[in-house]
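*Asks:* Quick one: the structure is below, and I'll ask about it shortly.
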DNA sequence: GCAAGATGTATGATATATCATAGAAATTGC
DNA sequence: GCAATTTCTATGATATATCATACATCTTGC
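Protein chains in written order, with full-length UniProt numbering: chain A, 1 to 144; chain B, 1 to 144.
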């Protein structure tokens, strides 16, 4: 039975949450995806990362990040300024429009989390996080 | 910090597992994706479901399932036989090639699960599943 | 300095995710 | 029995996921 498979529950939980999050962002009239929001947030916090570094932080791959960044720049949420010391890269900066959308999304994300985690105690979350981290570690390819 | 966000851990765990699973399937020389495998497995168990019903079982949407079924038929893993009592539908059946690939993938999936869940006690899994189900339920849209 | 290797980015190909909608076929209400 | 509604499937548009690879640029070794 599918229901007895742990990964089914995992998949279901994350997909449910993502749908909820996206629905609430859409409902607020904000034109951004959850994934774009995440990348934008990472750039806000660190504007000197390579695509690969961003990819590791958001757990996507470099190709996905490259396309998302191009889209965010195209939409005017990010600015790409050529880096003088490395001709391959551009320094990314969140634009004014980007800041506005991040500010608008922030409370929605917090509300979503509250809804998603309703009824879970602080201790539950700690246990959950530990188990999930263990699974991720178990699955990680041996680096070397 | 991203690391303190539960959904980050969730996303990371499921993505790690999916990558491991796909890598091992690929390594075995089997030409099927994890998602295709899941759909094929569902059809094997119930050959009279609508796309919508399959979609609910695998927690995808109908459009995704439609495309995956078309691809599975095209690849010869599924057979589509028109249903006499409903001109809109076709009865899906797993082909001989489909059975072969399911049989070949089965042990790999089991091995993957063992690797992913190494070090987790039976009790951990129960707790984990309950918490994940609760989250999914919290996020589910009110049906009516 | 320069050749070899490493790093950073972009993109093609294919698969999946989602919404919206079109079109066909079945069901319902009356 | 037929019109209105519902159900089922397919598909367009756009976004993301992944691998592979092309290409430019940087770094290292010597």
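We put the beta carbon where it would ideally sit given N, CA and C, even for glycine.
In this text the structure is predicted, and so the values were computed from the model without any measurement.
Give me the Cα-Cα distance between residue 54 of chain A and residue 35 of chain A, rounded to the nearest whole angstrom.
*Replies:* Their Cα atoms are separated by approximately 12 Å.
*Asks:* If contact is defined by three or more beta carbon pairs under 8 Å, each pair taking one atom from either stretch, is the region 130-140 of chain A in contact with the region 68-78 of chain B?
*Replies:* Result no; under three Cβ-Cβ pairs closer than 8 Å.
*Asks:* For the beta strand (DSSP E) that residue 80 of chain A lies in, which residues bound it at each end?
*Replies:* That run of the beta strand (DSSP E) goes 78-82.
*Asks:* Can you tell me whether residue 92 of chain A is helix, strand or coil according to DSSP?
*Replies:* Strand.
*Asks:* Quick check on DSSP: helix, strand or coil for residue 33 of chain A?
*Replies:* In the structure shown, residue 33 of chain A sits in coil (DSSP, three-state: anything other than H, G, I, E or B).
*Asks:* State the DSSP-derived secondary structure class of residue 54 of chain B, mapped to helix, strand or coil.
*Replies:* Reduced to three states, the DSSP call for residue 54 of chain B is helix.
*Asks:* What first and last residue would you give for the alpha helix (DSSP H) that runs through residue 12 of chain B?
*Replies:* Where residue 12 of chain B is concerned, the enclosing alpha helix (DSSP H) stretches over 6-27.
*Asks:* Residue 124 of chain A lies in the alpha helix (DSSP H); which residues open and close that run?
*Replies:* Per DSSP, residue 124 of chain A belongs to the alpha helix (DSSP H) from 122-139.
*Asks:* Would you mind telling me which residues of chain A sit closer than 9 Å to residue 56 of chain B, beta carbon to beta carbon, in chain order?
*Replies:* What residue 56 of chain B touches in chain A: nothing, since even the nearest Cβ is about 11 Å away.
*Asks:* Mind pulling the chain A residues with CB within less than 8 Å of residue 119 of chain B?
*Replies:* Under the 8 Å cutoff, chain A gives 134 and 138.
*Asks:* With three or more beta-carbon pairs closer than 8 Å as the criterion, would you say the region 9-16 of chain B touches the region 25-42 of chain B?
*Replies:* Flag = no, the region 9-16 of chain B and the region 25-42 of chain B do not touch.
*Asks:* Would you mind telling me which residues of chain B sit closer than 9 Å to residue 115 of chain A, beta carbon to beta carbon, in chain order?
*Replies:* What residue 115 of chain A touches in chain B: 138 and 139.
*Asks:* Report the three-state DSSP secondary structure of residue 99 of chain A (helix, strand or coil).
*Replies:* Residue 99 of chain A falls in the helix class under three-state DSSP.
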